[in-house]
Ligand SMILES: [Zn+2]
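Numbering (the working numbering), first residue to last: 239 to 358.
This is the structure:
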């Protein structure tokens, strides 16, 4: 089991028998009595459908301390034991026009398609 994860790691994990590559946007430790369970909170882009995903709201922000740019996006809890591999720290940003998330860029950011066609 891979135990050390960090924000913005990209993890390959298995959810509902499907392999996904997801970005960790927060790490949430849930305390229940004497047990601490760690969940990776992973960003779920629009083109991925995961039944157990949920919409990130303000109250989640207090819980997980994720970056504000992920507010209203979807996320899913991933148990660290579902992770099969990790790529370290791939930060990115959302396009200021169409909202697509692109890795290896910094905000403010406008994607290639939106730069080519401003009326898109
Ligand atoms: Zn764009």
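The C-beta atom is built at its ideal place from N, Cα and C for all residues, glycine as well.
Quick caveat: nothing in here was measured; it's all calculated off a predicted structure.
Paired residues, beta bridge with residue i - DSSP
i           : result
residue 280 : 262 and 314
residue 341 : 330
residue 253 : 256
Distance cut-off 6 Å: residue i Cβ against heavy atoms of ligand 1
i           : result
residue 307 : no
Burial state of residue i, where buried means 16 or more other Cβ atoms lie within 10 Å
i           : result
residue 272 : exposed
residue 262 : buried
residue 331 : buried
residue 336 : exposed
residue 355 : exposed
Inter-residue Cα distance where the pair is residue i and residue j
i           : j           : result
residue 250 : residue 347 : 26 Å
residue 294 : residue 246 : 16 Å
residue 264 : residue 285 : 21 Å
residue 341 : residue 313 : 17 Å
residue 283 : residue 311 : 8 Å
residue 297 : residue 303 : 10 Å
residue 280 : residue 351 : 26 Å
residue 339 : residue 269 : 31 Å
residue 258 : residue 308 : 19 Å
residue 267 : residue 252 : 20 Å
residue 318 : residue 275 : 10 Å
(message) Give the residues whose C-beta lies closer than 5 Å to at least one heavy atom of ligand 1, in chain order.
(response) So the residues near ligand 1 by this Cβ test are 333, 335, 336, 349 and 352.
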